[in-house]
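Numbering (this note's numbering), first residue to last: 387 to 494.
Beta carbons: idealized from backbone N, C-alpha and C, even for Gly.
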């Protein structure tokens, strides 16, 4: 229980540290980060949502198949695709995307 609380706190601090490095927020209450318009912020659902048990099953199968040392999963994970408008090297507006993956405490 205490370990899960520590992991939650560490995960939250890590996420805040990552997002604080994204630059200033000149457009409050808009879907804009810096000068880039974020698309579909309202439908921000995980592309990948793996529980700790699912990751552990994959680790166990990999260890058995390869004869490697058993590993223990500590957390699940969630990955989000982020689409945004930006400009290419020619100055033309384009839609780009990125992926952010964060640790997620999931029920066992």
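Exposure label - residue i; buried when at least 16 CB within 10 Å
i: residue 448; result: exposed
i: residue 436; result: buried
Pairwise C-alpha distance: residue j and residue i
i: residue 462; j: residue 446; result: 15 Å
i: residue 450; j: residue 465; result: 27 Å
i: residue 455; j: residue 488; result: 25 Å
i: residue 433; j: residue 477; result: 30 Å
i: residue 457; j: residue 441; result: 10 Å
i: residue 491; j: residue 460; result: 8 Å
i: residue 438; j: residue 444; result: 10 Å
i: residue 481; j: residue 453; result: 44 Å
Beta bridge counterpart(s) of residue i as assigned by DSSP
i: residue 433; result: None, per the DSSP bridge assignment.
i: residue 482; result: 470
i: residue 487; result: 465
Assumed close pair residue i, residue j - CB separation to whole angstroms, cut-off 8 Å
i: residue 485; j: residue 467; result: 6 Å
i: residue 469; j: residue 483; result: 5 Å
Element boundaries [alpha helix (DSSP H), containing residue i]
i: residue 440; result: 438-452
Residue i Cβ short of 8 Å to the ligand NAP heavy atom set
i: residue 470; result: With respect to the ligand NAP, the structure offers nothing, as it holds no ligand at all.
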